[in-house]
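Protein chains in written order, with this note's numbering: chain A, 35 to 297; chain B, -6 to 315.
For each residue, glycine too, the CB sits at the ideal point set by N, CA and C.
Below: one structure, written as structure tokens.
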């Protein structure tokens, strides 16, 4: 039984896919940084940066609807900024007939919309990054960019066992449901505390099993000659197209950011 | 799709924090990760990577295990406190950093630029508050089991609250939400989420205690367990300073006042560079909040430096003994 934690990599033949992982990581991060540096209300700048992203998505032959569909993940967090139209002082845009006349300001709405747009475009940059880079390559790229090797190795291990342990968690939940006589539309039985304790024991049991599993993994690796680091055979090389892409992208972003502040 | 994303409001996406604020988060995250890598090296040696990797996968999977709380909502585990109590706080920092890294990279749950703060909030703050409170209560209560339950529950609950407070401060410092709205809202929501965390953590600890108590005992010798109370206290103080300092006075301090009165204020030279000019952060409009954040940065940087110096001193002493 497998759950729907899907691999986000979309294998295609495209010039974007062939870039070095370091290039892809750096360009994605630069785009997100550029978005963060552009002031609120600079909608033209957001548009230009989004056009760049769109061009990259198209060049990579990734389906735009796919990227957009996955981008809605950050929407719930918009709640955090939703008070801006009401709290930022400025010219009144509208007045709501509740709470004795709640005013919405132009500045506040611009700030709110700006944050939403920045967030939305940033998420799509991250989506594209994993869509064009196989995860092990992405991790190698991070290591090549001087992220501590031990940390990258931990992440790569976690990635490998994510699916195994998530399956175990699902099995635990299925077993609980099977023993709970759960009826649709009715909340489960017992008190909140009891339900919580049962869940706690499930988590504790999974934790123990994970620790013991890691012991077995460690012994298996030692038996196969593990000495503490993961070795990589095929190291990607930065080519001309990588440096070109980096220089062009970062200059473009820098120009957009500077102009957005000047105008 | 695994029902994981329901009520966590702690994974900040990109766009909700300004670049300077995000940068500070990264500096702190890097500092704590580097320290954690150093601290865990002796304790775990080569076991370190397989163990923490699998533990990170465990935390990720455990976050999916839920139980119905009220109506359609469910309680979840964040896991920082639990990981810190069982593995030690420094190990927990690495484990949670891996979880947050995976969530951000693979599933875009949490941004990339803001990942520094996500790691600090959900990895560092939860780990240290959780384990500090746990140890304090455990040492205070004589009964083992009671200490486990109460300490684990209290540590877990406080860890969630600490993360919520920190997240609110970061959002306020970025001008995304006014502090007087986001802080009460975050705290109110997370009081309940914290209860779920507390119950699950206590339940998990109880199970481990009844089947493999040796693992818990091992955990008490883990790297950072003994100093965790001091580190946890330090972090709590930094947070409290940030929280309460918005009522700080705007008047100049003694020397500045005297200089103003006697007219030699203007003879002071300009500093070579302005990192946090006048205890403010450029780009942050709200003077009060930027002052708070500057304070927090200052406190944490000093804190981090003291920790680093302590580490180096301890190593120098150990080398000399050998």
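Alpha carbon to alpha carbon, how far is residue i from residue j?
| i | j | result |
| --- | --- | --- |
| residue 241 of chain B | residue 234 of chain B | Confidence at residue 241 of chain B is low in this model, with a pLDDT of 48, below 50, so its placement is unreliable and the value that follows should be read with caution. Whole-angstrom Cα-Cα distance: 10 Å. |
| residue 141 of chain A | residue 119 of chain A | 7 Å |
| residue 248 of chain A | residue 234 of chain A | 21 Å |
| residue 113 of chain B | residue 18 of chain B | 7 Å |
| residue 44 of chain A | residue 54 of chain A | 16 Å |
| residue 115 of chain A | residue 147 of chain A | 9 Å |
| residue 380 of chain B | residue 35 of chain B | The question about residue 380 of chain B has no answer, for chain B in this structure spans -6 to 315. |
| residue 354 of chain B | residue 41 of chain B | Look at the range of chain B in this structure, -6 to 315, and you will see that residue 354 of chain B is not part of it. |
| residue 10 of chain A | residue 92 of chain A | There is simply no residue 10 of chain A to check, as chain A begins at 35 and stops at 297 in what is shown. |
| residue 124 of chain B | residue 146 of chain B | 11 Å |
| residue 104 of chain A | residue 158 of chain A | 8 Å |
| residue 127 of chain A | residue 137 of chain A | 7 Å |
| residue 243 of chain B | residue 232 of chain B | Below a pLDDT of 50, predicted positions are generally treated as unreliable, and residue 243 of chain B, at 45, falls in that range; no measurement from the model is reported. |
| residue 295 of chain A | residue 87 of chain A | 21 Å |
| residue 102 of chain A | residue 111 of chain B | 24 Å |
| residue 293 of chain A | residue 201 of chain B | 59 Å |
| residue 257 of chain A | residue 208 of chain A | 35 Å |
| residue 126 of chain B | residue 230 of chain A | 21 Å |
| residue 226 of chain A | residue 60 of chain B | 9 Å |
| residue 39 of chain B | residue 139 of chain A | 58 Å |
| residue 151 of chain A | residue 109 of chain A | 11 Å |
| residue 130 of chain B | residue 172 of chain B | 31 Å |
| residue 133 of chain B | residue 194 of chain B | 19 Å |
| residue 100 of chain B | residue 10 of chain B | 19 Å |
| residue 46 of chain B | residue 133 of chain A | 52 Å |
| residue 283 of chain A | residue 271 of chain A | 19 Å |
| residue 302 of chain A | residue 76 of chain B | Outside the displayed span of chain A (35 to 297) sits residue 302 of chain A, for which this structure offers no information. |
| residue 142 of chain B | residue 29 of chain B | 27 Å |
| residue 262 of chain A | residue 153 of chain A | 38 Å |
| residue 205 of chain A | residue 250 of chain A | 21 Å |
| residue 107 of chain B | residue 175 of chain A | 19 Å |
| residue 190 of chain B | residue 69 of chain B | 6 Å |
Would you please state the rounded distance, in angstroms, between the beta carbons of residue i and residue j? I believe it to be under 8 Å.
| i | j | result |
| --- | --- | --- |
| residue 73 of chain B | residue 161 of chain B | No, residue 73 of chain B and residue 161 of chain B are not in contact; Cβ-Cβ is about 17 Å, not under 8 Å. |
| residue 183 of chain B | residue 102 of chain B | Residue 183 of chain B to residue 102 of chain B, Cβ: 18 Å. No contact. |
| residue 70 of chain A | residue 149 of chain B | Going by Cβ atoms, the distance from residue 70 of chain A to residue 149 of chain B rounds to 33 Å, so no, they are not a contact pair. |
| residue 79 of chain A | residue 72 of chain A | 5 Å |
| residue 275 of chain A | residue 66 of chain A | Their Cβ separation, rounded to whole angstroms, is 22 Å, which puts residue 275 of chain A and residue 66 of chain A out of contact at 8 Å. |
| residue 115 of chain B | residue 156 of chain B | 6 Å |
| residue 185 of chain A | residue 59 of chain A | About 15 Å separates the two Cβ atoms, so there is no contact after all. |
| residue 42 of chain A | residue 165 of chain A | 6 Å |
| residue 95 of chain A | residue 46 of chain A | 4 Å |
| residue 149 of chain A | residue 8 of chain B | 5 Å |
| residue 83 of chain A | residue 155 of chain A | 6 Å |
| residue 187 of chain A | residue 264 of chain A | 5 Å |
| residue 105 of chain B | residue 160 of chain A | 6 Å |
| residue 237 of chain A | residue 58 of chain B | 6 Å |
I'd like the span of the alpha helix (DSSP H) that includes residue i, first residue to last.
| i | result |
| --- | --- |
| residue 303 of chain A | This structure leaves residue 303 of chain A out entirely; chain A is present only between 35 and 297. |
| residue 24 of chain B | 12 to 37 |
| residue 151 of chain B | 137 to 166 |
| residue 204 of chain A | 183 to 212 |
| residue 240 of chain A | 226 to 257 |
| residue 105 of chain A | Neither: residue 105 of chain A is in no alpha helix (DSSP H) and is coded neither H nor E. |
| residue 211 of chain B | 206 to 213 |
| residue 114 of chain B | First-last for residue 114 of chain B: undefined, no H or E at that position. |
| residue 96 of chain B | 82 to 100 |
| residue 134 of chain B | Residue 134 of chain B -> no alpha helix (DSSP H), and no H or E assigned at all. |
| residue 285 of chain A | 274 to 296 |
| residue 52 of chain B | 41 to 55 |
| residue 175 of chain A | 169 to 178 |
| residue 340 of chain A | No answer is possible for residue 340 of chain A: the residues shown for chain A start at 35 and end at 297. |
| residue 121 of chain A | 118 to 121 |
Note the first and the last residue of the continuous beta strand (DSSP E) segment covering residue i.
| i | result |
| --- | --- |
| residue 67 of chain B | 66 to 68 |
| residue 61 of chain B | 60 to 63 |
Taking 8 Å as the threshold (beta carbon to beta carbon), is residue i in contact with chain C?
| i | result |
| --- | --- |
| residue 260 of chain A | Protein chains A and B are contained in the structure displayed, whereas chain C is not. |
Determine which residues share a DSSP beta bridge with residue i and list them.
| i | result |
| --- | --- |
| residue 128 of chain A | A:138 |
Cβ contact check for the segment 109 to 126 of chain B and the segment 215 to 232 of chain B: 3 or more pairs under 8 Å: Contact between the segment 109 to 126 of chain B and the segment 215 to 232 of chain B is present: three or more C-beta pairs spanning the two stretches fall below 8 Å.
Count the CB pairs spanning the segment 206 to 213 of chain B and the segment 161 to 168 of chain B that are closer than 8 Å, and state whether there are at least three. Between the segment 206 to 213 of chain B and the segment 161 to 168 of chain B there are fewer than three inter-stretch CB-CB distances shorter than 8 Å, so the stretches are not counted as touching.
Counting pairs of Cβ atoms below 8 Å between the segment 88 to 106 of chain B and the segment 182 to 192 of chain A, do you hit three or more? Result yes; three or more Cβ-Cβ pairs closer than 8 Å.
Determine contact between the segment 283 to 292 of chain A and the segment 68 to 86 of chain B, defined as no fewer than three beta-carbon pairs at a distance below 8 Å. No: the two stretches stay apart, fewer than three of their Cβ pairs being nearer than 8 Å.
So does the segment 10 to 26 of chain B actually touch the segment 156 to 171 of chain A, counting three or more Cβ pairs closer than 8 Å? Result no; under three Cβ-Cβ pairs closer than 8 Å.
Using 8 Å as the cut-off, can you tell me whether the segment 195 to 202 of chain A makes contact with the segment 52 to 67 of chain B, which would need three or more C-beta pairs spanning the two stretches below that distance? With a cut-off of 8 Å, the segment 52 to 67 of chain B and the segment 195 to 202 of chain A count as touching, because enough Cβ pairs lie within range.
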